[in-house]
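A.B. asks:
Numbering (the working numbering), first residue to last: 5 to 101.
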């Protein structure tokens, strides 16, 4: 887990995105915090990868409070936008009409 956290803080965006990709297929509630933290990343690619994994592999009840908390990060528009995008996608998933 420490190695993964180190990679998620790497200066190279591709290293960070690939680190998030490593979380795919490992639905472990302990990893939700790392995915939510990745939604604060400066790169939209990292944030989008984290969003995809959350939506595809986790029950919304496990991360909804974290998503809402991201909406209140005044100094991180990317995190707020990722949270809004995730909430919008969840709504479309719940009501596919």
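Cβ atoms here follow ideal geometry from the backbone N, Cα and C, with glycine treated the same way.
Buried or exposed: where does residue 23 fall if 16 or more other Cβ atoms within 10 Å of its Cβ makes it buried?
C.D. replies: Here residue 23 is taken as the residue at index 19 of the chain shown, counted from 1. So residue 23 ends up on the buried side.
A.B. asks: Need the endpoints of the alpha helix (DSSP H) that residue 51 sits in, please.
C.D. replies: Stepping through the chain shown from its first residue, residue 51 is reached at position 47. Taken as a continuous stretch (DSSP letters only), the alpha helix (DSSP H) holding residue 51 covers 48–61.
A.B. asks: For residue 91, which residues in the same chain have their Cβ closer than 7 Å to its Cβ, ignoring the five residues on either side in sequence?
C.D. replies: Your numbering for residue 91 matches position 87 in the chain shown. Around residue 91: 71.
A.B. asks: Give the secondary structure of residue 28 by DSSP, where H, G and I count as helix, E and B as strand, and everything else as coil.
C.D. replies: For this step, residue 28 is matched to residue 24 along the chain shown. Here residue 28 sits in coil by DSSP.
A.B. asks: Please classify residue 15: is it buried, with 16 or more other beta-carbons within 10 angstroms of its beta-carbon, or exposed?
C.D. replies: Against the chain shown, residue 15 aligns to sequence position 11. So residue 15 counts as exposed.
A.B. asks: May I have the straight-line CA-CA distance separating residue 69 from residue 44, to the nearest angstrom?
C.D. replies: Counted from its first residue, the chain shown places residue 69 at position 65. Counted from its first residue, the chain shown places residue 44 at position 40. One C-alpha to the other measures close to 15 Å.
A.B. asks: Identify whether residue 87 lies in helix, strand or coil by the three-state DSSP scheme.
C.D. replies: Your numbering for residue 87 matches position 83 in the chain shown. Three-state result, residue 87: helix.
A.B. asks: Going by C-alpha distance, which of 31, 52, 21 and 64 is nearest residue 82?
C.D. replies: Stepping through the chain shown from its first residue, residue 82 is reached at position 78. Ranking the options by Cα distance to residue 82, first place goes to 52.
A.B. asks: Return the chain-ordered list of same chain residues with a C-beta closer than 8 Å to the C-beta of residue 20, the five sequence neighbours on each side being excluded.
C.D. replies: If you number the chain shown from 1, residue 20 lands on position 16. Excluding sequence neighbours, residue 20 sits near 11, 12, 13, 14, 42, 45, 47 and 50.
A.B. asks: With a threshold of 16 other CB atoms inside 10 Å of the CB of residue 88, please say whether the residue is buried or exposed.
C.D. replies: Stepping through the chain shown from its first residue, residue 88 is reached at position 84. Result: exposed.
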